[in-house]
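What follows is a set of notes on a single structure, which appears directly below.
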Amino acid sequence: MEPKQETVKNNDDGVSEDLTLNQDEDEFDSKERVLHKYFLQEWKLLKSLLDDTVSNGRVSDPSSVHKFRSIIDKYQEQGQLIEPYLESMVSPLMNIIRSRTIELGVASDEILEIIKPICIIIYSLVTVCGYKAVIKFFPHQVSDLELAVSLLEKCHLTSSGTALRQESTGEMEAKCVMLLWLYILVLVPFDISTVDTSIANNENLNEFELAPLVLRIIGFCKDYLATAGPMRTMAGLVLSRLLTRPDMPKAFTSFVEWTHEVMSSVTEDILHHFQLLGAVEAMAAIFKAGSRNLLFNVIPVVWKDTSILYKSSTAARSPLLRKFIMKLTQRIGLTALPHRLPSWRYTGRTTKLNVSLNTSISIDQSNMAAYGNSYKSNEVIDGAEDEDMEVPENVEEIIEMLLSGLRDMDTIVRWSAAKGIGRITSRLTSSLSEEVLSSVLELFSPGEGDGSWHGGCLALAELARRGLLLPISLPKVVPVVVKALHYDVRRGPHSVGSHVRDAAAYVCWAFGRSYYHADMRSILEHLAPHLLTVACYDREVNCRRAAAAAFQENVGRQGNYPHGIDIVNTADYFSLSSRVHSYLHVAVFIAQYEGYLLPFVDDLLDRKICHWDKSLRELAAEALSFLVKYDPQYFANTVMEKLIPWTLSSDLCMRHGATLATGELVLALHQCSFALPSDKQKTLAGVVPAIEKARLYRGKGGEIMRSAVSRFIECISISKVALSEKIKRSLLDTLNENLRHPNSQIQNAAVKALKHFILAYLLASDNKGTSDVTAKYLNMLTDPNVAVRRGSALAIGVLPYELLAGQWRNVVLKLCSCCAIEKNPEDRDAEARVNAVRGLISICETLISGREDAATSLIENDISLSVLIKNEVMMSLFKALDDYSVDNRGDVGSWVREAALDGLEKCTYMLCKIDKSASLSGTSDGKEIESLVQPLNDNLPKNNQELLLFDENLATSLIRGICKQAVEKMDKLREAAANVLHRILYNQIIYIPYIPFREKLEEIIPKEAEPKWAVPSYSYPCFVQLLQFGCYSRDVLSGLVISIGGLQDSLKKISLSALLEYLEGVESEEHNTRMSREYMLSVDILWVLQQYEKCDRVIIPSLKTIETLLSKKANTPTFCAGVLDSLAIELKGSRDFSKLYAGIAILGYVASVLEPINMRAFSQLVSFLVHRYPKIRKAAAEQAYLVLLQNGNLVAQDKIERALEIICDTCWDGDMDRAKQERVALCETVGLEVGPVGKNTDGASRKTSTKKPTNLDENASYSSLVESSGF
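Structure representation (structure tokens):
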């Protein structure tokens, strides 16, 4: 946890002064304050929980255990912060266990309920800090041994009710804590038989037999060795301490025999598998804790069992078993070899722990000199001693098994084997260690898999850290490490090797910590470019950070390295987290220093341009272009000569990356003002024709190549590479073909390329075919192929001013027509309309800017364009705001509406700028302005007059359309609309006039508003305030009802709450003001019902909104009468269940409350009792029943019971004829007229209902059938 900054106030003469405590003052502060600042910040809370537990002698509140554990778990990654408090926490808790057990006795049933919550707390400390740190504070009196065994025996009989740690009741934790307590207690410095009180009561005990206490401990531990929980590891620890005692040779021999039986028996039982894991883990712990004299004699038996088990199918299926076997194998080897510190070992700075930091530099330098002068002589002297050492026969087999473990498929096995190689090599002679190193280096052969490379790197790192990798071996090790740094093997659609590269960086990190600068100088110069290459260009973030950490370690420990500090500061942990930032910024900064540019370029060319990841190839091509500025000549000659032939490679990844990289290089060279020679330009001009000739667009990867070729054409067009007329036509055909492709990414790439291609080649060369380009794209707008229409709309949008000036009117009007929804349902395409809107806006911007920039205007009348934008473009965009098309992808019309919002904003700026420039150039009277704003005709005046284009009506329509989108159900559109409104209100370049109630809008959307408009709880309370303004209220309400009556519950609640709060107003408001709000809302709702008549998209949510408002608010008879009129129209012939349900509910509310028209509503409600759908009949009956109960004045008192009886006794969702009879009886009872028999219940005549439907689409009829079924 980060330390909190603490401030101390010093009051002197009434003056308060804040003094900040610095870290230098911590040494004068109390221990408790320092610990609270930098360590366990929740100590006060934990202390109170502990004090409560200690005072009560047990955990009084079960929730305190969960609270304690949740606090401790936060320190899982920083357990060292809790260690200063362990004694204060562990000792009191263990004393409670000890004292209460003595007080109540082990036989008491209450003792388990006391110790289990306490054990949960202690075990949570064990999981965070480790058992070694915790058990130091356990009580260890000799008398506690029998107590702990008895408690373990009592816990042994219990079983946990759940496997979830959060729901644990303490059974497992109690067993673990008791085993850890025994781990300490079995080390009592007395013969255990003298401690066992049961021996005094047993006269038949033989002196050669084990004490009963020992047998009980071993029995419990054997049981726990067969479990899958943490008790298995702790039981092995107890056995390792118990069986290696000097007074336990018989128990040790017996346990070895038991493990021999377990390891040699072969069964498929799952319980035996856990027992096997426990036996091997326990033997590994015993060989770690036991003395060589005790273990040496059992090595042959244990090694034989281990070697056989490693080759068995059981070990092949269990990575954990293989890991334990590796641990046991290396410890067998360590026991077989005598303990010695090899004199040939490299003595680095890591062993000089007694050297202070102030003198380490001078001592290191003197040590280096002495070491360099005496190394060879020491090697000769120590060589004779090494050769005299006897190496046991099985050590070679042990090393061989560890080497095979380095090839294992699982990382945990390889990691354990690597540690074993390092430990055993430290006991070997120098000659044998060289053989081990040679065997490790064989793991890096090309035929080995990625596991072998990873294991080899781990082994090399262990050898280096332990000083067992001598400097004379580094020249043959470093090339292997360099290969591992770039290890990446393609496997199908992906590659493997990130773990190898990460381990190779770990090796380099170990080099920096192990060797002196004199031995690492040349090595670091060789490694540094490769480390930085991986740090900047590796695909995986963990590899980038590992390589940067290794470079930082070497720079920090190896002394003055050129530009090392600058590079380390740039390539840090956070800057390398983003791949794009690493490629385009960090690498570019490092490349400026000598020695890094060429390795960076080689890595991009050899490994990244042809990478399997498409996004990485694109990024690598861009990164390559960022390096051009350092040596343009090298890139223009050497690099480009490599790339151009690769564009025709048979490998898709290679040719795609090469095509992209070539284009990016050409563009970068152009930006560096480097002129390519003519022969090089000719070669570049033939790249695309050669790709087309080789038919590389076909088959797999054709779409990828099309995008790359479009980008290549864009780059050479910007660079103005010389092209022949034939190649120009060929490239234009290529772009047109890509425009027709259904893939939107290919179309967008082609459009970007077309924009620069036309400017560079078609306009500059005065080609005769340029006049046909616009006409061709206009014809494509009406093509039956939707992909062609999409591409042509985008293409027209990027045409330059010169190609549009001649026929701008036709282009604008054609695009305006394409923005509308197509009449033929089969031709409808949302993407085509989106592209038409975007193309239309782009065309308008091009024409306006071209008119301003051109010396002589090519447009016959400047005012005509402005009026056309107002009358046609703006109106088309307003219609696009009402595009609510839906297909199987959902609300695809939202794409059009979002584009229209952007277009309206841009057109508003255009018109306002024209108005401003016209007002500055001259004035005119209102009559002339009024005559010019009329619909477009051929008799517009040619003189330059002030033209009021953006008037109040247009401003009102604009804000209304934006506000409507700002209250609808899609978060993305609400945010986009609010942002557009914000930019319009506070535009710094041009003031947008004539906005009604601008001050109120500025209150709703303040200038410094935070971007929270996508959050419904923030946006709806703001925009609902616009309902009080008549010019905005109807449009806002038509969007608001979509949210209130929608399907999303959370959005429905928030929007409805905002509306109700608006209606209630604030307490300071007058009653008339609140009533006027309700009246305006009712009028606007009726307008929405009339405006969107038979439009279910709006009507259904509107009815649901009305239903909700009727249940919350009382309404006027006039409003309810209007609603009833709309319901009569909407529900007639409707088959939509949600619409019918909402209508019936509204009829029920009106019939229950309002006196003048309740009978009319009840009459309409009763008509649904004979509806064609049984569910509707049943719903209508339920509503009618409620109406009769709630409104006693509706029917005479003597007839209410009879009416209720008819409704209750009739099965309305049953037989239709019976329902008709009962409806007639009900109408007669309540005094209603029965409708004519010749009419259907839904209001349509029988003749109309039997008429053959015009829609013969079987899918449509089936869809209606499913909907009518209520699904």
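Counting in my numbering, the sequence shown tops out at residue 1271, every number present.
We put the CB at the ideal spot given by N, CA and C, even for glycine.
**Prompt:** To the nearest angstrom, how far is it from the Cα of S193 to the Cα of P62?
**Reply:** Just so you know, the alpha carbons of S193 and P62 end up roughly 40 Å apart.
**Coarse secondary structure for G850, derived from DSSP in three states** = Of the three classes helix, strand and coil, the one that applies to G850 here is helix, per DSSP.
**Close-in-space but distant-in-sequence residues of the same chain around E87 (CB under 6 Å, 5 per side omitted)** = Excluding sequence neighbours, E87 sits near F137.
**Request:** Tell me the start and end of each unbroken alpha helix (DSSP H) in the region 740-823 that is at least 4 residues and wholly inside, in chain order.
**Result:** Segments of the alpha helix (DSSP H) lying fully in the region 740-823: 744-757, 770-780, 786-797, 801-804, 808-819.
**Contact under 7 Å by Cβ, L1169 with A1180** = A distance below 7 Å separates the beta carbons of L1169 and A1180.
**Prompt:** Quick one: is A547 buried, meaning 16 or more other Cβ sit within 10 Å of its Cβ, or exposed?
**Reply:** It is buried - the Cβ of A547 has at least 16 other Cβ atoms within 10 Å.
**Request:** Might you give, ordered along the chain, the residues of its own chain that have their beta carbon closer than 7 Å to the beta carbon of H581, omitting 5 neighbours on each side?
**Result:** If we look at H581 and ignore the five residues flanking it on each side, its Cβ neighbours are S575.
**Prompt:** Taking C-beta to C-beta, are G701 and R740 nearer than 7 Å?
**Reply:** Their beta carbons are not under 7 Å apart, which means G701 does not touch R740 by this criterion.
**Request:** Could you say which of I989, G890, D882, E1008 lies nearest to I962 if we only look at CA atoms?
**Result:** Answer by Cα proximity: D882.
**Message:** So, for R897: in the same chain, excluding its five sequence neighbours on each side, which residues have a beta-carbon less than 7 Å away from its beta-carbon?
**Reply:** Once the five neighbours on either side are set aside, the close Cβ partners of R897 are A880, L881, D883, Q965, L973.
**Message:** Is the separation between the beta-carbon of E714 and that of K752 shorter than 7 Å?
**Reply:** Here E714 is near K752, since their CB atoms are less than 7 Å apart.
**CA nearest to the CA of D305, picked from L840, E257, T1210** = Here the closest residue by C-alpha is E257.
**Message:** Tell me the rounded alpha-carbon separation between L616 and A484.
**Reply:** Rounded to whole angstroms, L616 to A484 spans 20 Å at the Cα level.
**Request:** Less than 8 Å between the CB atoms is what I'm expecting for F1273 and L627, so what's the real figure, rounded?
**Result:** There is no way to answer for residue 1273, as the model of the chain reaches only from 1 to 1271.
**Item:** Cβ-based neighbour list, C818, same chain, cut-off 6 Å, excluding 5 preceding and 5 following
**Value:** Correct list, in chain order: L781, A836.
**Prompt:** Buried or exposed: V489, going by 16 or more other Cβ atoms within 10 Å of its Cβ?
**Reply:** The residue in question, V489, is exposed, as its Cβ has fewer than 16 Cβ neighbours within 10 Å.
**Request:** Output the boundary residues of the alpha helix (DSSP H) element that contains H499.
**Result:** It spans 498-514 - the alpha helix (DSSP H) in which H499 sits, taken as one unbroken run.
**Prompt:** If you draw a straight line from the C-alpha of S498 to the C-alpha of V507, how long is it?
**Reply:** Taking the Cα positions, S498 is about 14 Å away from V507.
**Prompt:** Tell me which same chain residues have a C-beta within less than 7 Å of the C-beta of A900, skipping the five on either side of it?
**Reply:** Result list for A900: V837, L877, A880, L881, in chain order.
**Prompt:** Where DSSP assigns a beta bridge to R491, which residues make up the other side?
**Reply:** DSSP lists H494 as partners of R491.
**Request:** Just confirm the distance between the C-beta atoms of I398 and T329, as a whole number of angstroms; I'd bet it's less than 8 Å.
**Result:** Indeed they touch by this definition, with Cβ atoms about 6 Å apart.
**Asked** Which first and last residues belong to the alpha helix (DSSP H) in which P479 is found?
**Response** For P479, the uninterrupted alpha helix (DSSP H) segment begins and ends at 474-485.
**Request:** Sort out for me which residues DSSP pairs G890 with in a bridge.
**Result:** Answer is D887, bridged to G890.
**Request:** Using beta-carbon positions only, say whether I1206 and A1225 come within less than 7 Å of one another.
**Result:** Remark: C-beta atoms of I1206 and A1225 approach each other more closely than 7 Å.
**Message:** Suppose contacts are defined by Cβ-Cβ distances below 7 Å. Is G1143 in contact with L1089 by that definition?
**Reply:** No. Outside cutoff.
**Contacts around G348, its chain only, beta-carbon distance under 7 Å, and the 5 residues preceding and following it disregarded** = Cβ neighbours of G348 beyond the five flanking positions: G467, S514, Y515, Y516.
**Request:** Starting from the Cα of A668, find the closest Cα among A832, P632, D651 and give me that residue.
**Result:** Comparing Cα positions, the closest option is P632.
**7 Å Cβ cutoff met for L225 and G278** = Yes, the pair counts as a contact, with Cβ atoms nearer than the cut-off.
**Between the CA atoms of D572 and L474 - distance to the nearest angstrom** = Between the C-alpha atoms of L474 and D572 there is a straight-line separation of about 27 Å.
**Item:** Cβ-Cβ separation, D915 to L948 (assumed contact under 8 Å), whole Å
**Value:** That belief holds up - the Cβ atoms of L948 and D915 are roughly 6 Å apart, short of 8 Å.
**Request:** Run the CB neighbour count on N56, radius 10 Å, all protein chains shown included, and call it buried at 16 or more, exposed below.
**Result:** With fewer than 16 Cβ atoms within 10 Å of its Cβ, N56 is classed as exposed.
**Request:** Identify whether V126 lies in helix, strand or coil by the three-state DSSP scheme.
**Result:** Correct three-state label for V126: helix.
**Prompt:** Skipping 5 residues on each side, what residues in its chain have a beta carbon closer than 6 Å to that of S1126?
**Reply:** Excluding residues within five positions, the ones whose Cβ falls inside 6 Å are L1089.
**Item:** Reduced DSSP secondary structure (H/G/I, E/B, other) of G348
**Value:** In this structure, G348 counts as coil in the three-state DSSP scheme.
**Asked** Thinking C-alpha only, which one of L985, R960, K682, G839 is nearest Y909?
**Response** Comparing Cα-Cα distances from Y909 to each of L985, R960, K682, G839, the minimum goes to L985.
**Request:** Taking S325 as part of the alpha helix (DSSP H), name the residues at either end of that continuous run.
**Result:** Checking the sequence, you will find Ile at residue 325 rather than Ser. Unbroken alpha helix (DSSP H) run through I325: 319-336.
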